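J.: Below: one structure in structure tokens.
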Amino acid sequence: DDVMESRVRQFHEAVLLGRTPKAFKEMVHFQKFIHKNQEYDFTERERSKLFSVVEAYFSMFDRDSKDTGGDANERSSRGLIEDCLKVPVFNTKQKKTMLKWLDELQKKEGGAPVPSGTVPSSSSSSTKKKNPYYDEDEDEGDYGDYDDDEQT
286 DDVMESRVRQ FHEAVLLGRT PKAFKEMVHF QKFIHKNQEY DFTERERSKL FSVVEAYFSM
346 FDRDSKDTGG DANERSSRGL IEDCLKVPVF NTKQKKTMLK WLDELQKKEG GAPVPSGTVP
406 SSSSSSTKKK NPYYDEDEDE GDYGDYDDDE QT
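Just so you know, we're using the working numbering here: the sequence shown kicks off at 286 and counts up by one.
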């Protein structure tokens, strides 16, 4: 779809402008776009551009950030990265990279790193639980209330 390709290109071009006064607002707008269009079947090229936009915002607001003022948490890409991990727009390799970025953010903030592929669980039956941001088996075999007998 030419419209979607155009929107992806606009977000990509906007982030290439660097840290402008509107950059954070653009990132929030991009985050809403990803959420709203999570079911859209982006081409590999579009996915790649979307991923590079996420990476650019991570670099802009978290890696290269000299801003340690009171609103430092507000000016972070953490929310964007967490949202991107929850939608089916990105592939496994891209999501693994985003998990590394979250780990980097966690270390920067002085917290414990996000374990790769797992999170601590209070369940006594299992010591490890899959990461809530990415679960390969998430929808396997779950078809809701679908009943074969109802089809005639």
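Think of the CB as a built atom: it goes at the ideal place given N, C-alpha and C, for glycine as much as any other residue.
Predicted model only: the values in this text are computed from it and were never measured.
Under 8 Å between the Cβ atoms of V300 and Y342?
T.: Here residue 300 refers to the residue found at position 15 of the sequence shown. Here residue 342 refers to the residue found at position 57 of the sequence shown. Result yes, Cβ atoms of V300 and Y342 sit closer than 8 Å.
J.: Smallest Cα separation from S361: which of Q323, T305, S344, D326?
T.: Position 76 of the sequence shown, counting from 1, holds the residue named residue 361. S361 has its Cα closest to that of S344, out of Q323, T305, S344, D326.
J.: Quick check: the region 318 to 327 against the region 370 to 386, are there 3 or more CB pairs under 8 Å?
T.: Judged by Cβ distances under 8 Å, the region 318 to 327 makes contact with the region 370 to 386, as three or more pairs qualify.
J.: Assuming the contact rule is C-beta atoms closer than 8 Å, R363 and L390 should be a hit. Round their C-beta distance to whole Å, please.
T.: Taking the first residue of the sequence shown as position 1, residue 363 is located at position 78. Taking the first residue of the sequence shown as position 1, residue 390 is located at position 105. With a Cβ gap of about 6 Å, R363 and L390 count as contacting.
J.: Which same chain residues, not among the five before or five after E331, have their C-beta less than 6 Å away from its C-beta?
T.: Within the sequence shown, the letter at position 46 stands for residue 331. V293.
J.: Who are the near neighbours of D347 in its chain, counting only those whose CB is closer than 8 Å to its CB and skipping five residues on each side?
T.: Translated into the one-based positions of the sequence shown, residue 347 becomes position 62. Cβ within range, chain order: S361, S362, R363, W386, E389, L390, K393.
J.: Look up G395 in the DSSP assignment and say whether it is helix, strand or coil.
T.: Within the sequence shown, residue 395 is the residue found at index 110, counting from 1. Residue state, collapsed to three classes: coil.
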